[in-house]
Amino acid sequence: DVKVTQSSRYLVKRTGEKVFLECVQDMDHENMFWYRQDPGLGLRLIYFSYDVKMKEKGDIPEGYSVSREKKERFSLILESASTNQTSMYLCASSLVLQSGNTIYFGEGSWLTVV
Amino acid sequence: AQSVSQHNHHVILSEAASLELGCNYSYGGTVNLFWYVQYPGQHLQLLLKYFSGDPLVKGIKGFEAEFIKSKFSFNLRKPSVQWSDTAEYFCAVFTNAGKSTFGDGTTLTVKP
Chain P
3 DVKVTQSSRY LVKRTGEKVF LECVQDMDHE NMFWYRQDPG LGLRLIYFSY
53 DVKMKEKGDI PEGYSVSREK KERFSLILES ASTNQTSMYL CASSLVLQSG
103 NTIYFGEGSW LTVV
Chain S
472 AQSVSQHNHH VILSEAASLE LGCNYSYGGT VNLFWYVQYP GQHLQLLLKY
522 FSGDPLVKGI KGFEAEFIKS KFSFNLRKPS VQWSDTAEYF CAVFTNAGKS
572 TFGDGTTLTV KP
């Protein structure tokens, strides 16, 4: 079974803090994604990466950055956390999409910024 | 820019009723279409997907969806719902380049 692991399930951070959310996948997937999920808004893509050191902005990249130094790990960074970044963050991974491969999701990280 | 529209935000059905959840997307190129389900307190799970071939796809737990290219639609159906189908359902579009868009989600409540 594919496993996408988000190391922190629940975090509480203060406004202005730098926050790291880590995601690891164990299936040698090329693609990795970071989303945030908010009630009534579905999932919104923050960033995705299709290879090591490669990244593309999604729909809401402002206030976030990412790092992919190794194929299995994709980190989401909040440089200076703000209360409007309180949300559920979901990591996902997949093989190349042209072949209709499935996107697998982690269990999510609940971030509260106070 | 691509977009995904799920027509129903909240659907309430009795057990054994038939279900159809609408999903329309806008994107001019090749798409991969997905339906995901999120049961209360659980992570997103794949119900079914379409990327080519037969436009009628069957997924887990008796769900199916039909891709109608001319209507840019990918509606989810189930002939007879169960209480255990209570969950939130998301339609998603992925391009081959990896850009993805999810719908806002439809909450399904099935009354026993």
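Sequence lines, in order, name chains P and S. Under this note's numbering, residue 116 is the last one in the first sequence; the count climbs by one each step, no gaps. Under this note's numbering, residue 583 is the last one in the second sequence; the count climbs by one each step, no gaps. Idealized CB from N, CA, C, for every residue including glycine. Here the structure is a predicted model, which is why all the values come from computation and not from measurement.
Distance between residue j and residue i (C-alpha atoms, nearest Å)
{"i": "S/Trp554", "j": "P/Gly18", "result": "44 Å"}
{"i": "S/Cys562", "j": "S/Tyr507", "result": "6 Å"}
{"i": "P/Leu99", "j": "S/Ile483", "result": "34 Å"}
{"i": "P/Gln27", "j": "S/Tyr498", "result": "29 Å"}
{"i": "P/Met90", "j": "S/Gly524", "result": "35 Å"}
{"i": "S/His480", "j": "S/Val502", "result": "23 Å"}
{"i": "S/Gly512", "j": "S/Thr566", "result": "29 Å"}
{"i": "P/Gly110", "j": "P/Ile62", "result": "18 Å"}
{"i": "P/Arg2", "j": "P/Lys5", "result": "Past the boundaries of the shown model lies residue 2 of chain P; chain P is included only from 3 to 116, so the question cannot be answered."}
{"i": "P/Ser9", "j": "P/Glu24", "result": "6 Å"}
{"i": "S/Leu547", "j": "P/Met29", "result": "29 Å"}
{"i": "S/Thr578", "j": "S/Phe545", "result": "17 Å"}
{"i": "S/Ser489", "j": "P/Glu74", "result": "41 Å"}
{"i": "S/Ser474", "j": "S/Lys540", "result": "15 Å"}
Residue-level contact to chain A via CB, residue i, 8 Å cutoff
{"i": "P/Gly108", "result": "Here the protein chains are P and S, and chain A is not one of them."}
Run of the beta strand (DSSP E) containing residue i, from where it starts to where it stops
{"i": "P/Val68", "result": "Tyr66 to Lys72"}
{"i": "P/Asp141", "result": "Coverage of chain P is limited to positions 3 through 116, which leaves residue 141 of chain P absent and any answer about it impossible."}
{"i": "S/Trp554", "result": "No beta strand (DSSP E) contains S/Trp554, which DSSP labels as neither H nor E."}
{"i": "P/Ala94", "result": "Ser89 to Ser96"}
{"i": "S/Ile531", "result": "First-last for S/Ile531: undefined, no H or E at that position."}
{"i": "S/Phe573", "result": "Ser571 to Phe573"}
{"i": "P/Phe50", "result": "Gly44 to Asp53"}
{"i": "S/Leu519", "result": "Gln516 to Tyr521"}
Minimum Cβ-Cβ distance from residue i to chain P less than 8 Å
{"i": "S/Phe543", "result": "no"}
{"i": "S/Gly499", "result": "no"}
{"i": "S/Gly530", "result": "no"}
{"i": "S/Gly574", "result": "yes"}
{"i": "S/Asn503", "result": "yes"}
Of the residues the options, the one placed nearest residue i, counting alpha carbons only
{"i": "P/Ser82", "options": "P/Lys72, P/Ser67, P/Cys93 and P/Ser89", "result": "P/Ser67"}
{"i": "P/Asn33", "options": "P/Tyr49, P/Asp40 and P/Ser9", "result": "P/Tyr49"}
{"i": "P/Thr85", "options": "P/Glu74, P/Leu13 and P/Arg46", "result": "P/Leu13"}
{"i": "P/Cys93", "options": "P/Lys55, P/Lys20, P/Gly102 and P/Trp112", "result": "P/Trp112"}
{"i": "S/Lys570", "options": "P/Gly60, P/Gln39 and P/His31", "result": "P/Gly60"}
{"i": "P/Gln39", "options": "S/Phe522, S/Ile531 and S/Glu559", "result": "S/Glu559"}
Below-8 Å beta-carbon distance, residue i vs any chain S residue
{"i": "P/Leu104", "result": "One detail in the question is off: residue 104 of chain P reads as Thr in this sequence, not Leu. True, the Cβ-Cβ gap to chain S drops below 8 Å."}
{"i": "P/Asn33", "result": "yes"}
{"i": "P/Leu80", "result": "no"}
{"i": "P/Gln100", "result": "yes"}
Residue i CB to nearest heavy atom of the ligand NAD below 7 Å
{"i": "P/Leu23", "result": "The ligand content of the structure shown is nil, which means the ligand NAD is not present either."}
| task | Pull out every residue of the stretch 506-525 of chain S whose Cβ sits closer than 7 Å to any Cβ of chain P, in chain order. | result | Flagged, chain order: His514, Leu515, Leu517, Lys520, Phe522 and Ser523.
| field | chain S contacts made by the stretch 38-51 of chain P, where a contact means CB separation under 9 Å | value | Per Cβ criterion, the list reads Gln39, Pro41, Gly42, Leu43, Gly44, Leu45, Arg46, Leu47, Phe50 and Ser51.
| task | Would you list, in chain order, the members of the stretch 55-69 of chain P that have their beta-carbon closer than 8 Å to a beta-carbon of chain S? | result | Those would be Glu58, Gly60 and Asp61, in chain order.
| task | Select from the stretch 558-571 of chain S all residues with a C-beta closer than 7 Å to any C-beta belonging to chain P, and list them in chain order. | result | Taken in chain order, the members of the stretch 558-571 of chain S whose beta-carbon sits within less than 7 Å of a beta-carbon on chain P are Phe561, Phe565, Asn567, Gly569 and Ser571.
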